[in-house]
Amino acid sequence: MKAVVYKSTGSWYHVKAEDGRIYNSRIKGKFRLKGIKSTNPVAVGDHVEIDTETKGDETIGVINKILDRKNYIIRKSVNLSKQTHIIAANIDLAFLLITHNNPPTSTTFIDRFLVTAEAYHIPTVILINKVDAYSLEEFGEMKYLAELYREIGYTCIGISAETGENIDKVKELMKDKVSVFAGHSGVGKSTLVNAIEPELNIKTSEISEQHRQGQHTTTFAEMHELHFGGQIIDTPGIRGFGVVDIDKYTLDNYFPEFFKLKPNCKFNNCIHVDEPKCAVKQALADDKIAYSRYKSYLQIMEGEEDESFRKDPYQDLR
Ligand code: GDP
Ligand code: ZN
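Residue numbers (my numbering): 9 to 326.
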């Protein structure tokens, strides 16, 4: 019987099967996954095949197959081994929450996130949260950002998780899909989840960060049902969106507006840095490409660490 993994707690998995029931399941045998050295063979969001076994009055599931993943997000293991931990699989949509201040979200952070999401084939929608709290000037700056990213092709919505502004639009996008919320700690991920699905009652960061202090947090991702259709994967404590190594010749694949121009570059292996007759640099000079995007492109190419990725240990994905 087919099933979807909703929760993992080490060696046991909660899966929801085709029959609508939740089975506490374990894995049978060893799974070898192509090209991934992972500490966890089965991740939240995985589509699996299970058999059932009844012992006494309990029926448990036995996972015997993992179906191909359409995408997944990973985290490097804390130890120095090359192992990775799969946070979640089969994500239909990521929402990147950004705010003007409290906390500020830099364009570098946004672009790094978008590049990673492109590389993972996860469509991303940008949510500008806390619009209720902006001055006219701040609002103007966020509007500029929204236009910049819309021009590239990303959906951008100004919302307020607190007042409920445009939350209906977010729900509409989430309907019948598996979503994740990402962004710096404090941007309002928990508040938004609670506005969308009050029954989940997710702790907002003030509470959960106090809670984190002085204790080891092994946090597991968990998928929740949405009452209007669809699921959300809640994964507290994750820094960013995983790591991908992208070589400089393919980086432009993940900047959609650069990629579109690439055929017009004189050299077909142009990386848009020092080459003559480069369509990307021409577009930059003509103000058709945002300087912030080009700057992010160079930074990612040079492998510079994003300060905001390092400094914020609580930056997480909800
Ligand atoms: P998380 O760390 O991303 O989960 O952020 P939280 O949901 O914990 O929110 C951090 C703080 O921002 C809390 O004090 C929230 O009340 C506040 N907050 C969240 N959304 C909004 C919003 O739309 N407007 C305003 N003014 N504050 C918000
Ligand atoms: Zn070029």
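A virtual CB, placed ideally from N, CA and C, is assigned to each residue, including glycine.
For N334, the first and last residue of its enclosing beta strand (DSSP E): Because the chain is modelled from 9 through 326, residue 334 falls outside the range shown and cannot be assessed.
Cβ neighbours of K78 in the same chain (closer than 6 angstroms, five flanking residues each side left out): Locating residue 78 in the sequence shown gives position 70, where the first residue counts as 1. For K78, where only same-chain residues beyond five positions count, the Cβ hits under 6 angstroms are N98.
C164: CB within 6 angstroms of a non-hydrogen atom of the ligand ZN: Residue numbering aside, residue 164 sits at position 156 when the sequence shown is read from its first letter. Answer for C164: no, Cβ out of range of the ligand ZN.
Neighbourhood of A291 by C-beta distance below 7 angstroms, restricted to the same chain and skipping five residues each side: One-based indexing of the sequence shown puts residue 291 at position 283. Cβ within range, chain order: L269, I297.
Exposure label - T67; buried when at least 16 CB within 10 Å: Against the sequence shown, residue 67 aligns to sequence position 59. Looking at its Cβ environment, which holds fewer than 16 other Cβ atoms inside 10 Å, T67 is exposed.
Terminal residues of the beta strand (DSSP E) in which E57 lies: Numbered from its first residue, the sequence shown carries residue 57 at position 49. Counting along the chain, the beta strand (DSSP E) containing E57 begins and ends at 55–63.
Backbone CA spacing between Y142 and V201 [nearest angstrom]: Taking the first residue of the sequence shown as 1, we reach residue 142 at position 134. Taking the first residue of the sequence shown as 1, we reach residue 201 at position 193. Cα to Cα, Y142 sits roughly 21 angstroms from V201.
Contact under 7 angstroms by Cβ, Y162 with I134: Here residue 162 refers to the residue found at position 154 of the sequence shown. Here residue 134 refers to the residue found at position 126 of the sequence shown. Cβ distance < 7 angstroms, so Y162 and I134 count as in contact.
Classification of H224 by the beta-carbon crowding that lies within 10 angstroms, buried from 16 upward: On the sequence shown, position 216 is the one that residue 224 refers to. Note on H224: pLDDT 40, under 50, position unreliable in the model; no value is reported.
Distance CB(N272)-CB(A293) smaller than 7 angstroms: Numbered from 1 along the sequence shown, position 264 holds the residue referred to as residue 272. Numbered from 1 along the sequence shown, position 285 holds the residue referred to as residue 293. No, the Cβ-Cβ distance between N272 and A293 is not below 7 angstroms.
Three CB pairs or more closer than 8 angstroms across the stretch 45–65 and the stretch 228–236: yes
Assigned exposure category for K274 - 16 Cβ within 10 Å defines buried: Walking along the sequence shown from the start, residue 274 turns up at place 266. Exposed, since its Cβ has fewer than 16 Cβ neighbours within 10 Å.
Neighbourhood of F4 by C-beta distance below 7 angstroms, restricted to the same chain and skipping five residues each side: This structure cannot settle anything about residue 4, because the visible part of the chain is limited to 9 through 326.
Pairwise C-alpha distance: L208 and W20: The sequence position of residue 20 within the sequence shown is 12, counting from 1. The sequence position of residue 208 within the sequence shown is 200, counting from 1. Spanning the two alpha carbons is a distance of roughly 22 angstroms.
Cβ-based burial, I246 [other Cβ within 10 Å; buried from 16]: Indexing the sequence shown from 1 puts residue 246 at position 238. Caution is warranted here: a pLDDT of 49 is assigned to I246, below 50, making its placement in the model unreliable, and the coordinate value is therefore given only provisionally. That one is buried.
Near the ligand ZN: V288 beta-carbon under 6 angstroms from a heavy atom: Walking along the sequence shown from the start, residue 288 turns up at place 280. V288 Cβ: within cutoff of the ligand ZN.
Where T116 falls: helix, strand or coil (DSSP): Counting from 1 along the sequence shown, the entry for residue 116 is found at position 108. DSSP places T116 in helix when its eight states are reduced to three.
DSSP-derived helix/strand/coil call for R77: Counting from one through the sequence shown, the residue named residue 77 turns up at place 69. R77 falls in the coil class under three-state DSSP.
Rounded C-alpha distance that separates H93 from I254: Counting from 1 along the sequence shown, the entry for residue 93 is found at position 85. Counting from 1 along the sequence shown, the entry for residue 254 is found at position 246. Each residue's Cα considered, the two are about 19 angstroms apart.
First through last residue of the alpha helix (DSSP H) which encompasses T199: Mapped onto the sequence shown, residue 199 falls at position 191. Its alpha helix (DSSP H) spans residues 197–204.
Rounded straight-line distance, which links the Cα of F189 to that of A25: Taking the first residue of the sequence shown as 1, we reach residue 25 at position 17. Taking the first residue of the sequence shown as 1, we reach residue 189 at position 181. Looking at the two C-alpha atoms, the distance is approximately 25 angstroms.
Assigned exposure category for T113 - 16 Cβ within 10 Å defines buried: Stepping through the sequence shown from its first residue, residue 113 is reached at position 105. Buried is the call here.
Of the listed residues V281, T258, S198, H280, nearest to D242 (C-alpha basis): Within the sequence shown, the letter at position 234 stands for residue 242. If we check each option's Cα against that of D242, S198 comes out closest.
Anticipated Cβ contact below 8 angstroms, G69 with V12, distance rounded: On the sequence shown, residue 69 is found 61 positions in, with the first residue counted as 1. On the sequence shown, residue 12 is found 4 positions in, with the first residue counted as 1. Not confirmed; about 12 angstroms, so no contact.
Of the residues P284, S304, I240, D295, the one placed nearest Y262, counting alpha carbons only: Translated into positions along the sequence shown, residue 262 becomes position 254. It is S304 whose Cα lies nearest to the Cα of Y262.
A125 versus A102: straight-line alpha-carbon distance, rounded: Taking the first residue of the sequence shown as position 1, residue 125 is located at position 117. Taking the first residue of the sequence shown as position 1, residue 102 is located at position 94. Between A125 and A102, the C-alpha separation is close to 8 angstroms.
For L75, the nearest candidate out of K185, G64, R83, I58 (CA to CA): For this step, residue 75 is matched to residue 67 along the sequence shown. Minimum Cα distance to L75 is reached at I58.
Bridge partners - D242, DSSP secondary structure assignment: Translated into the one-based positions of the sequence shown, residue 242 becomes position 234. Note: D242 sits in a beta bridge opposite E230.
Where Y305 sits in the DSSP three-state scheme: Along the sequence shown, read from residue 1 onward, the residue named residue 305 stands at position 297. In this structure, Y305 counts as helix in the three-state DSSP scheme.
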